[in-house]
Amino acid sequence: MNRLPHLVAAAAAILAAAAAGLVFSVYARRTENKYVHAVAAQDHAEISRGIAIERAALQQPDLLLIYGASELVLLQTEYEATRFFSTYPTGFMVFNAATKGGSSLTVAQRLAALGAELRGRRIIFAIGPAIMTMAPFGDVAERHYEGNFSELHALELVFNPRLSQETKRMAAERMLGFPKTLDGKRLLKFSLTLLARPSPASTALHYLSWPLGQLQLGVLRLQDHEATVRYIHHLSAAEVEIRREPRTLDWDALVEQAEAEQIENSDSNPYAVDNSQWNKIKELFEVPAALGSRDEDFLNDVTIAREWKDLELALRVIHELGADALIMSSPMNVPLWETLGVSEHAQNRYYQLLHAVVDPFGVPLLDGQEWGRIPYFSMDLASHASRKGWIYVDQRLDQIYRGSLP
Amino acid sequence: MGRTVLLTGYYLLIIAALVMLYGQGDSAATEFIYQGF
Numbered sequence: 006m007n008r009l010p011h012l013v014a015a016a017a018a019i020l021a022a023a024a025a026g027l028v029f030s031v032y033a034r035r036t037e038n039k040y041v042h043a044v045a046a047q048d049h050a051e052i053s054r055g056i057a058i059e060r061a062a063l064q065q066p067d068l069l070l071i072y073g074a075s076e077l078v079l080l081q082t083e084y085e086a087t088r089f090f091s092t093y094p095t096g097f098m099v100f101n102a103a104t105k106g107g108s109s110l111t112v113a114q115r116l117a118a119l120g121a122e123l124r125g126r127r128i129i130f131a132i133g134p135a136i137m138t139m140a141p142f143g144d145v146a147e148r149h150y151e152g153n154f155s156e157l158h159a160l161e162l163v164f165n166p167r168l169s170q171e172t173k174r175m176a177a178e179r180m181l182g183f184p185k186t187l188d189g190k191r192l193l194k195f196s197l198t199l200l201a202r203p204s205p206a207s208t209a210l211h212y213l214s215w216p217l218g219q220l221q222l223g224v225l226r227l228q229d230h231e232a233t234v235r236y237i238h239h240l241s242a243a244e245v246e247i248r249r250e251p252r253t254l255d256w257d258a259l260v261e262q263a264e265a266e267q268i269e270n271s272d273s274n275p276y277a278v279d280n281s282q283w284n285k286i287k288e289l290f291e292v293p294a295a296l297g298s299r300d301e302d303f304l305n306d307v308t309i310a311r312e313w314k315d316l317e318l319a320l321r322v323i324h325e326l327g328a329d330a331l332i333m334s335s336p337m338n339v340p341l342w343e344t345l346g347v348s349e350h351a352q353n354r355y356y357q358l359l360h361a362v363v364d365p366f367g368v369p370l371l372d373g374q375e376w377g378r379i380p381y382f383s384m385d386l387a388s389h390a391s392r393k394g395w396i397y398v399d400q401r402l403d404q405i406y407r408g409s410l411p
Numbered sequence: 370m371g372r373t374v375l376l377t378g379y380y381l382l383i384i385a386a387l388v389m390l391y392g393q394g395d396s397a398a399t400e401f402i403y404q405g406f
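Line order of the protein sequences matches chains A and B. To convert, take the position in the first sequence, counting from 1, and add 5; that gives the numbering used here. To convert, take the position in the second sequence, counting from 1, and add 369; that gives the numbering used here.
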């Protein structure tokens, strides 16, 4: 006779639920793999706190994953990579994993969440000078970090067996600096506190909490699959249809065409700033500044920028997970910064510091410096690509995919 | 045996209710409004 009917029943129910979760995971992965090309062509920001669809994208030889921030997603134009390559004109499409307000700290966690699947896979990490040169202390804005924060990504980093203690310590120290993101996330906060101050006791406690971490990750991964499958099911028949239209691209003609459009969209000011951005920055140009008059401030700001340390963290994750990464930077908008009193010589400090951080990791870097004086390349001071700038970026992405760059 | 099956169903319902109440997580949170630099 069963003396513990409730225990037996509860155990059976938990096993059945776990089995159902497993079956659902398998179904979800199949759905994600089947429709990842369709998702690539859509605005999938609503599932950007997950990682399941990126895992699916990593497996596709004709999808090029790009990580980064608003430099990639701000301007809505047919020249932006996800639209430009949506018909696979040269045999591939980009999967844009960049997010508005993203930063190196966000990207580090997102890449950590890909885990072992990142090994040997080509990814592009697109960065720009905006945070280093314009943000207070060169640090990601709290509202941007909070808006991009993902408990799933954070926990995947914390419990990733392939990341070193030092990388986790660096990450934990930074992540604890954004306490609002940890509200109500007790296990995450507890784990980060242990990792930030390593000692034999904290390391032991961290490993003791590993099963609990895996349990919570199991739940979060299921939630991610559920949200992704729901997103996919809401796509229309037209949206899941992929059209592949190979063609030869005349890059010079496209540059000319895009420049003409950009000029039309920059007619509110004499500085080639896109009309959509002019009102945000026009006050900066009211009082003319002598060339070089702001060099000292600029050099100080860019040198102390916190983002460099976060970039180093992201590079550590890339290195330790064995990703085949390439860093691509937007250029400084040289003429615009000169108007504000910062000489090109001072602006070049951005590139020097960029190489100082990236080069020791042996990761190929396309720093974009050669684009800095191209008229109408950037649409604003933050180096967001304009319509014309996007053609240069698209051509570069094509060269990367074909292997002719770096 | 019958009692065990009923109890199992009961606990499965509790699990299902928990999933319905708390199932949607971080990934379902709304996108923030990017205000740029």
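We put the CB at the ideal spot given by N, CA and C, even for glycine.
* Asked: Who are the near neighbours of Glu-246/A in its chain, counting only those whose CB is closer than 6 Å to its CB and skipping five residues on each side?
  -> Here the question's residue 246/A lines up with position 241 in the first sequence. Hits under 6 Å: none found.
* **Three-state secondary structure (DSSP) of Val-163/A** => Counting from 1 along the first sequence, the entry for residue 163/A is found at position 158. If DSSP states are grouped into helix, strand and coil, Val-163/A belongs with the helices.
* Asked: Between the C-alpha atoms of Ala-117/A and Leu-157/A, what's the straight-line distance to the nearest angstrom?
  -> Translated into the one-based positions of the first sequence, residue 117/A becomes position 112. Translated into the one-based positions of the first sequence, residue 157/A becomes position 152. The alpha-carbon atoms of Ala-117/A and Leu-157/A are separated by roughly 10 Å.
* Taking 8 Å as the CB-CB limit, is Pro-10/A close to chain B? -> Taking the first residue of the first sequence as position 1, residue 10/A is located at position 5. Chain B, which has a Cβ nearer than 8 Å to the Cβ of Pro-10/A, makes this yes.
* Asked: Looking only at its own chain, which residues have a Cβ that is under 8 Å from the Cβ of Asp-329/A, when we skip the five neighbours before and after it?
  -> Counting from 1 along the first sequence, the entry for residue 329/A is found at position 324. Result list for Asp-329/A: Gly-125, Arg-126, Arg-127 and Ile-128, in chain order.
* **Closer than 7 Å: Glu-151/A CB and nearest the ligand ATP heavy atom** => Ligands are entirely absent from the displayed structure, and the ligand ATP is therefore not among its contents.
* Run through the segment 318-353 of chain A for me and flag every whole beta strand (DSSP E) of 3 or more residues, listed as ranges in chain order. => 329-334
* Answer yes if the segment 64-75 of chain A comes into contact with the segment 93-110 of chain A, meaning at least three C-beta pairs across the two stretches below 8 Å, and no otherwise. => yes
* **Bridge partners - Asn-101/A, DSSP secondary structure assignment** => Within the first sequence, the letter at position 96 stands for residue 101/A. According to DSSP, Asn-101/A bridges with Ile-71/A.
* Asked: Within 8 Å (strictly less), CB to CB, does Gly-392/B reach chain A?
  -> Residue numbering aside, residue 392/B sits at position 23 when the second sequence is read from its first letter. With 8 Å as the cut-off, Gly-392/B counts as an interface residue toward chain A.
* Asked: Can you tell me where the beta strand (DSSP E) with Arg-127/A in it begins and where it stops?
  -> Taking the first sequence and counting its residues from 1, the one referred to as residue 127/A is at position 122. Per DSSP, Arg-127/A belongs to the beta strand (DSSP E) from 127-132.
* Anticipated Cβ contact below 8 Å, Asn-280/A with Asp-272/A, distance rounded -> Position 275 of the first sequence, counted from the start, is the residue given in the question as residue 280/A. Position 267 of the first sequence, counted from the start, is the residue given in the question as residue 272/A. Sure, about 7 Å apart at Cβ, within 8 Å.
* **Close Cβ partners of Leu-63/A (< 6 Å) along its chain, the five nearest in sequence each way excluded** => Looking up residue 63/A in the first sequence gives position 58. Cβ neighbours of Leu-63/A beyond the five flanking positions: Glu-122 and Arg-126.
* **Min CB distance Gln-262/A to chain B below 8 Å** => Taking the first sequence and counting its residues from 1, the one referred to as residue 262/A is at position 257. It does not; no Cβ of chain B falls within 8 Å.
* For chain B, find out if any of its Cβ atoms is closer than 8 Å to the Cβ of Glu-231/A; answer yes or no. => By one-based count along the first sequence, residue 231/A stands at place 226. With 8 Å as the cut-off, Glu-231/A counts as an interface residue toward chain B.
* Determine whether the Cβ of Ala-24/A lies closer than 8 Å to any Cβ atom of chain B. => By 1-based counting over the first sequence, the position of residue 24/A is 19. By this cut-off, Ala-24/A is not an interface position.
* **Inside the segment 348-385 of chain A only - beta strand (DSSP E) runs reaching at least 3 residues** => none
* **8 Å Cβ cutoff met for Leu-259/A and Ile-396/A** => Taking the first residue of the first sequence as position 1, residue 259/A is located at position 254. Taking the first residue of the first sequence as position 1, residue 396/A is located at position 391. Their beta carbons are under 8 Å apart, which means Leu-259/A touches Ile-396/A by this criterion.
* **Contact set for Thr-399/B: own chain, Cβ-Cβ below 7 Å, skip 5 residues either direction** => In the second sequence, counting from the first residue as 1, residue 399/B sits at position 30. Its pLDDT being 49, under 50, Thr-399/B is placed unreliably in this model, and the value from its coordinates should be taken loosely. Result list for Thr-399/B: empty, nothing under 7 Å.
* At a cut of 8 Å, does the segment 219-228 of chain A reach the segment 352-365 of chain A through at least three beta carbon pairs? -> no
* Proximal chain B residues relative to Ala-18/A, where beta-carbon distance stays under 7 Å -> The residue labelled residue 18/A in the question sits at position 13 within the first sequence. Chain B residues near Ala-18/A: Thr-377, Tyr-380, Leu-381 and Ile-384.
* Alpha carbon to alpha carbon, how far is Arg-299/A from Pro-251/A? Give it in angstroms, no decimals. => In the first sequence, counting from the first residue as 1, residue 251/A sits at position 246. In the first sequence, counting from the first residue as 1, residue 299/A sits at position 294. Cα-Cα distance, rounded: 49 Å.
* If you measure from the beta carbon of Val-307/A to each beta carbon in chain B, is any gap under 8 Å? -> Counting from 1 along the first sequence, the entry for residue 307/A is found at position 302. No, Val-307/A lies away from the interface with chain B (no Cβ there is under 8 Å from its Cβ).
* Cβ pair Asp-325/A, Ser-109/A closer than 8 Å -> Mapped onto the first sequence, residue 325/A falls at position 320. Mapped onto the first sequence, residue 109/A falls at position 104. The sequence shown places Glu at residue 325/A, rather than the Asp named in the question. Contact flag unset, no.
* Asked: Do Leu-200/A and Val-234/A have their C-beta atoms closer together than 8 Å?
  -> The residue given as residue 200/A occupies position 195 in the first sequence. The residue given as residue 234/A occupies position 229 in the first sequence. No. Outside cutoff.
* Sequence ranges, alpha helix (DSSP H) only - wholly within the segment 154-220 of chain A, length at least 4 -> 156-163, 170-180, 191-201 and 205-213
* Asked: Does DSSP put Ala-310/A in a helix, a strand or coil?
  -> For the purposes of this step, residue 310/A is taken as the residue at position 305 of the first sequence. In the structure shown, Ala-310/A sits in coil (DSSP, three-state: anything other than H, G, I, E or B).
* **Neighbour list for Ala-21/A in chain B, Cβ cutoff strictly below 8 Å** => To locate residue 21/A, count along the first sequence from 1; it is residue 16. Near Ala-21/A (Cβ distances below 8 Å), the residues of chain B are Thr-377 and Leu-381.
* Ile-71/A: buried (16+ other C-beta within 10 angstroms of its C-beta) or exposed? -> Here residue 71/A refers to the residue found at position 66 when the first sequence is read from its first residue. So Ile-71/A ends up on the buried side.
* **Contact under 8 Å by Cβ, Ser-168/A with Leu-193/A** => Locating residue 168/A in the first sequence gives position 163, where the first residue counts as 1. Locating residue 193/A in the first sequence gives position 188, where the first residue counts as 1. For clarity, residue 168/A is Leu in the given sequence; the question names Ser instead. No.
* Asked: Thinking C-alpha only, which one of Gly-73/A, Val-99/A and Ala-74/A is nearest Tyr-5/A?
  -> The requested residue 5/A is not part of the displayed model; chain A covers only 6 to 411.
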